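Here my numbering is used: the first residue of the sequence shown is 4, the next is one more, and so on. Here's the structure, in structure tokens; my notes come after.
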Amino acid sequence: MPRNSNYCLAASKQMVGIFLTVWVRSDLREHVRNMKVSCVGRGLMGYLRNKGSISISMQLHQTSFCFVCTHLTSGQKEGDELRRNSDVMEILKKTRFPQVSGVDEEKSPETILEHDRVIWLGDLNYRIALSYRSAKALVEMQNWRALLGNDQLRLEQRRGRVFEGWKEGKIYFPPTYKYSRNSDRYSVDDMQPKDKRRTPAWCDRILWHGGGLQQLSYVRGESRFSDHRPVFSVFLAEVESERSRLRKMRRSSSRIEVEELLPYSHGYTELCFF
4 MPRNSNYCLA ASKQMVGIFL TVWVRSDLRE HVRNMKVSCV GRGLMGYLRN KGSISISMQL
64 HQTSFCFVCT HLTSGQKEGD ELRRNSDVME ILKKTRFPQV SGVDEEKSPE TILEHDRVIW
124 LGDLNYRIAL SYRSAKALVE MQNWRALLGN DQLRLEQRRG RVFEGWKEGK IYFPPTYKYS
184 RNSDRYSVDD MQPKDKRRTP AWCDRILWHG GGLQQLSYVR GESRFSDHRP VFSVFLAEVE
244 SERSRLRKMR RSSSRIEVEE LLPYSHGYTE LCFF
């Protein structure tokens with residue numbers, strides 16, 4: 004967050020290990036309304052909330068936004084990607100933002116896809132459909148194009164099985180999972196032969212749905228806090244207002260420098276493998 008900008012907390016929600024928070028620039032807070040939260044559990048038996056989603060719905064001026072944070076089913080066995088697809092479908096089906104009688108001035112979106120702008124982020128857990136040895140060799144060569152050609156999420160999207168109509172930016176950074184804690188080494192490099200190997204993968208993703216969103220950056224950070232590396236994205240959003248039919252939220256409006264929102268840029272972000 005820019006140090007010289009004034010933001011305020013609009014909403015936050017935690018469900019076991021899933022946490023979603025929305026911050027709004029203070030001068031826009033009075034134009035935010037219809038804030039609602041919906042949670043869907045997708046853990047053990049389909050209900051335990053260690054897996055699932057938190058969704059926050061809000062309206063800024065005349066434009067509706069939905070932010071969806073998910074932790075989908077884990078596993079790298081063949082067929083586990085279908086369980087993740089099922090998680091996505093159930094989250095889309097079960098997430099509801101009911102109308103509040105006497106409160107809503109106008110009809111607001113009740114489902115995720117009814118919103119004008121949607122951001123879906125989190126540990127989607129999709130893996131690389133390659134053997135450990137093949138994936139490791141491609142990681143060592145930094146051949147992201149070949150790895151992405153075997154990325155389960157993109158394969159399932161192309162097959163029309165999940166996230167139809169959703170977009171994701173180009174990936175120019177290394178797989179974000181699985182790292183040894185407090186290390187820059189993938190966990191497979193530190194394992195003994197008998198240990199269970201986790202093939203490096205882009206588990207952590209950011210997708211969007213709807214028009215009026217332009218992605219300005221899509222990078223990863225280098226926090227060693229967990230066995231994942233975080234991902235970051237900055238978007239330019241179009242917002243309809245009463246004053247003007249179409250108002251663009253420009254970074255120059257209060258001179259929010261995009262560069263201030265980005266983590267430190269490492270050399271690999273300049274590579275063009277895809």
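Note that beta-carbon positions come from the ideal geometry of N, C-alpha and C, so glycine has one too. In this text, all values refer to a predicted model and were calculated from it rather than measured experimentally.
Check	Outcome
Beta-bridge partners of G44, as assigned by DSSP	G55
Helix, strand or coil at V64 [DSSP, three-state]	According to the sequence as given, residue 64 is His; it is not Val. Three-state DSSP puts H64 in coil, outside helix and strand.
Local Cβ density within 10 Å of L219, reported as buried at 16 or more and exposed below that	exposed
W26 classed as buried or exposed, judged by whether at least 16 other C-beta atoms fall within 10 angstroms	exposed
Limits of the unbroken alpha helix (DSSP H) element including K294	Beyond the ends of the chain as shown, which are 4 and 277, falls residue 294; an answer cannot be given.
The segment 235-249 / the segment 58-66 touching (three or more Cβ pairs under 8 Å)	yes
Identity of the residue in G44, N153, V19, L12 nearest E33 by Cα	L12
Simplified DSSP state of I115, which is helix, strand or coil	helix
Integer Cβ distance of F70 from L23, believed to fall under 8 Å	6 Å
Inter-residue spacing [alpha-carbon to alpha-carbon] between K170 and E117	16 Å
CB of I21 within 8 Å of CB of G55, strictly	yes
Strand pairing of L156, partner residues [DSSP]	Paired residue(s): none; L156 is not in a bridge.
When T114, Q79, K80 are compared against E93, the one with the closest alpha-carbon	T114
Of the residues G172, S229, K181, the one placed nearest R208, counting alpha carbons only	G172
C-beta contact flag for G224 and F235 at 8 Å	yes
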